[in-house]
Amino acid sequence: IKMKLYITILILTAVLSTSAEFEHEAFLYAACSDVEEEFYIGYDEEEFGHVDFKQKRAVETLPDFEGQKNITFPRFYEIGSDAIVGCKRDLPIFIQTFKSLPLEMDLDAPQTSIYPKDDVELGVQNTLICHATGFYPPSVNISWTKNNVIVTEDISLSQYRPRTDDTFNIFSTLKFTPAEGDIYSCTVNHKALQGQPQTKIWDVDVALPSVGPAVFCGVGLTLGLLGVILGTFFLIKGHNCH
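Residue numbering for the sequence shown is -20 to -1, 1 to 222, as defined by mature numbering (1 follows the signal peptide of the UniProt record, and there is no 0).
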């Protein structure tokens, strides 16, 4: 049984079935703690939108559909704010209740990966993505280094995103300009890792165009033309002999 000792989470799931073979899940997710506030709606683990409580606005993240008006969510920010008010109100009750239960918390360790957002070109700004997934409870720490030096600028962190298996996703991004030989790393720390954080390393290794194929192609073309010329010469020579 998964327990939240320090965070209250409300997930409302609606299973939408279009046939006997396909089911879809819509999520409304509200979470709070003493320092965290999140409100999110999604569909099959894809985000429709969330509330940015720092900027006090709703963020609708559906892509633009050509020729169609985007779907909007009336009073999205107000609905999210009301959900957090209720979450904060009930938080002391949940904390006290969970403390009285003898059950141990189930822990799921994250799986971490690191990759660039776009194809890498030297000197062209890009974004590195550190993805932690499959962890529980939803509290992780992600840090970055460049050439073994801690990086604190040009970093962003997404909100926690629930999965259908009751674990969570989170993304951290780092803006960077690739330079040959640079080495980046992201480190994910989570309670389930028991003091042994996961570190993934990514180095700038841009494959430069090789001259080998061009040389071989040129040599082959030259030999081919030479063969045609020699063949034509001997053909004409043979006709003249006759």
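Every residue gets a Cβ at the ideal spot worked out from N, C-alpha and C, and that includes glycine.
Using a threshold of 8 Å, state whether the C-beta atoms of residue i and residue j are closer than that.
i	j	result
Gly114	Pro142	no
Phe148	Leu108	no
Glu18	Ala10	yes
Tyr57	Ala38	yes
Val86	Tyr116	Going by the sequence as given, residue 86 is Asp instead of Val. Against a cut-off of 8 Å, the Cβ pair of Tyr116 and Asp86 comes out as a contact.
Thr92	Ala112	yes
Taking the beta strand (DSSP E) that residue i belongs to, which residues open and close that run?
i	result
Val15	Looking at the DSSP string, Val15 is not in any beta strand (DSSP E), and its letter there is neither H nor E.
Leu137	Ile135 to Leu137
Phe148	Phe148 to Phe156
Gln91	Gln91 to Pro96
Ala38	Arg37 to Glu40
Phe28	Glu26 to Asp32
Leu102	First-last for Leu102: undefined, no H or E at that position.
Lys180	Gln178 to Asp183
Per DSSP, which residues does residue i bridge with? Please list them.
i	result
Pro72	Pro72 is not bridged to any residue.
Lys126	Val129 and Tyr164
Cys110	Ile94 and Ser152
Pro142	Phe148
Tyr116	Asp88
Gly22	Phe7 and Glu27
By the 10 Å Cβ neighbour count, where 16 or more other Cβ atoms means buried, how is residue i classified, buried or exposed?
i	result
Val31	buried
Pro118	buried
Gly175	exposed
Phe196	Unreliable placement is indicated for Phe196, whose pLDDT of 40 sits below 50; the coordinate value is still reported in the next sentence. Per the 10 Å Cβ criterion, exposed.
Val120	buried
Ala187	Any reading at Ala187 is ruled out, since the residue's pLDDT is 45, under 50, leaving its predicted position unreliable.
Ala159	exposed
Thr153	buried
Ala194	The predicted position of Ala194 is uncertain, since its pLDDT is 42 and thus under 50; no value can be drawn from it.
Val168	buried
Tyr95	exposed
Ile73	exposed
Ser165	buried
Gln105	exposed
Gly103	exposed
Ile122	buried
What whole-angstrom Cβ distance do residue i and residue j have, given they're in contact under 8 Å?
i	j	result
Lys180	Cys67	The pair is not a contact, with the Cβ atoms about 33 Å apart (cut-off 8 Å).
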